[in-house]
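In this note's numbering, the protein residues as written are 1 to 332. A virtual CB, placed ideally from N, CA and C, is assigned to each residue, including glycine. All of these numbers come straight from a predicted model, not from anything done at the bench.
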Ligand SMILES: *Cc1c(COP(=O)(O)O)cnc(C)c1O
């Protein structure tokens with residue numbers, strides 16, 4: 001089977017497993033796991049943030065990050081298909097007690113006019129108060145699209161002008177970095193808080209980080225424990241993340257090449273594929289998913305008429321070419 005459902009399906013490489021096995025560990029709830037501390041310091045440094053917090057999932061990193069900017073009964077603005085709105089199962093409402101309003105953009109991009117129409121930082125005692133804008137980069141359900149740095153900078157200025165915060169869901173910020181050559185710190189300096197994943201294209205078995213100012217991260221550490229996600233000798237997982245940072249960032253460029261190759265085969269303009277995700281519109285997404293499975297290719301439906309193809313560490317060029325042939329013949 002060639003598995004294009006997600007870049008989360010990768011299995012740790014032998015070298016990654018060796019790094020995990022050799023990791024120095026301690027009790028991270030006591031702040032005594034040297035490998036976790038090394039990972040947190042390294043990733044904070046990469047993005048130019050003061051501090052970082054290791055979390056088991058990106059969803060938890062996002063919940064903690066957004067909660068640093070948006071309190072109960074306040075709202076965050078985000079694009080309509082944002083992961084925080086669609087794929088975290090309502091955690092931000094259920095756990096934090098915040099609300100969301102959304103703008104829509106087919107490529108998951110910023111729309112400052114629409115954001116301006118929604119924004120309500122202080123409309124008096126009868127309106128929910130907007131305290132943050134959230135940006136997803138790359139945008140998952142829009143097809144791995146990159147939000148250009150200039151657009152992120154414009155949102156930053158807009159947010160500053162109106163006294164609201166900026167959250168960046170950077171689960172795949174590594175892909176944006178490799179696709180555009182933008183330094184990670186340039187993205188980092190535009191966000192008050194951000195979340196980044198090690199378990200997507202970087203190929204770690206688990207783990208994400210929340211990045212932000214030291215006091216925000218200290219408070220998030222308390223909330224992480226409150227939610228039951230204080231972990232102990234978790235340097236075993238942090239070691240996988242450190243290994244991924246050493247070995248799996250530059251190779252994301254291969255995934256991007258493979259995604260464009262797939263796009264071309266299924267009739268999607270490769271110029272619209274920024275990174276490792278192809279959003280394929282078709283008449284019957286579940287039907288295509290089923291037929292592809294019979295032909296040895298796993299793909300996922302992310303809507304009634306949208307199939308998502310995702311390239312990753314466990315899909316080499318030969319796999320991508322085989323999958324492209326299978327999908328092209330099914331669509332013919
Ligand atoms: C995968 C993903 C996350 C985090 O997901 P987890 O499965 O909770 O790690 C967050 N944002 C985006 C855009 C994602 O694709």
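- For residue 194, the enclosing beta strand (DSSP E) begins and ends at 193-197.
- Around the C-beta of residue 11, fewer than 16 other C-beta atoms lie within 10 Å, and the residue is accordingly described as exposed.
- Per DSSP, residue 1 lies in no alpha helix (DSSP H) and is assigned neither H nor E.
- Scanning the segment 83-131 for uninterrupted beta strand (DSSP E) segments of 3 residues or longer gives 99-103, listed from N- to C-terminal end.
- Considering only 330, 122, 161, 102, the residue with the shortest C-alpha distance to residue 114 is 102.
- The three-state reading of DSSP puts residue 169 in strand, counting E and B together.
- If the five residues before and after residue 121 are omitted, its C-beta is found closer than 6 Å to the C-beta atoms of 130, 162, 163, 164, all from its own chain and listed in chain order.
- Taking 4 residues as the shortest admissible run, the segment 28-63 contains the following complete alpha helix (DSSP H) segments, listed from N- to C-terminal end: 34-47.
- Within 7 Å of the C-beta of residue 169 there is at least one heavy atom belonging to ligand 1.
- DSSP places residue 6 outside any alpha helix (DSSP H), giving it a letter other than H or E.
- Of the residues 30, 227, 47, the one whose Cα lies closest to the Cα of residue 212 is 47.
- Per DSSP, residue 209 is one residue of the beta strand (DSSP E) stretching across 208-212.
- For the pair residue 233 and residue 27, the CB atoms are nearer than the 8 Å cut-off.
- Annotation note: the segment 243-279 contains the following uninterrupted alpha helix (DSSP H) runs of length 4 or greater, listed N- to C-terminal: 252-266.
- Check the Cα spacing between residue 18 and each of 259, 310, 204: the tightest is with 204.
- Around the beta carbon of residue 169, 16 or more other beta carbons sit within 10 angstroms, so the residue counts as buried.
- A direct Cα-Cα distance of roughly 42 Å separates residue 44 from residue 326.
- Put simply, of 150, 200, 175, 218 the residue whose alpha carbon is nearest the alpha carbon of residue 190 is 150.
- 158 is the residue among 295, 153, 158 whose C-alpha sits nearest the C-alpha of residue 117.
- For residue 68, the closest of 35, 276, 134, 41 by C-alpha to C-alpha distance is 134.
- The segment 256-271 makes no contact with the segment 285-297, as fewer than three CB pairs between them are under 8 Å.
- In this structure, the CA atom of residue 148 is about 9 Å from the CA atom of residue 137.
- Under DSSP, residue 303 shares a beta bridge with 306.
- One Cα belongs to residue 84, the other to residue 322, and the distance between them is close to 34 Å.
- Taking the Cα of residue 188 as reference, the smallest distance to any Cα among 202, 210, 206 is reached at 210.
- Scanning 314, 270, 236, 319 for the CA closest to the CA of residue 35 turns up 236.
- For residue 208, the number of other beta carbons within 10 angstroms of its own is at least 16, and it is reported as buried.
- If you draw a 10 Å sphere on the C-beta of residue 294, you find fewer than 16 other C-beta atoms in it, and that means exposed.
- Remark: C-beta atoms of residue 239 and residue 15 do not approach each other more closely than 8 Å.
- Excluding the 5 residues flanking it on each side, residue 231 has same chain C-beta neighbours closer than 6 Å at 28, in chain order.
- Here residue 59 is buried. Its C-beta has 16 or more other C-beta atoms within 10 Å.
- Cβ-Cβ distances below 6 Å link residue 96 to 67 in the same chain, with the five nearest sequence neighbours on each side left out; the list follows chain order.
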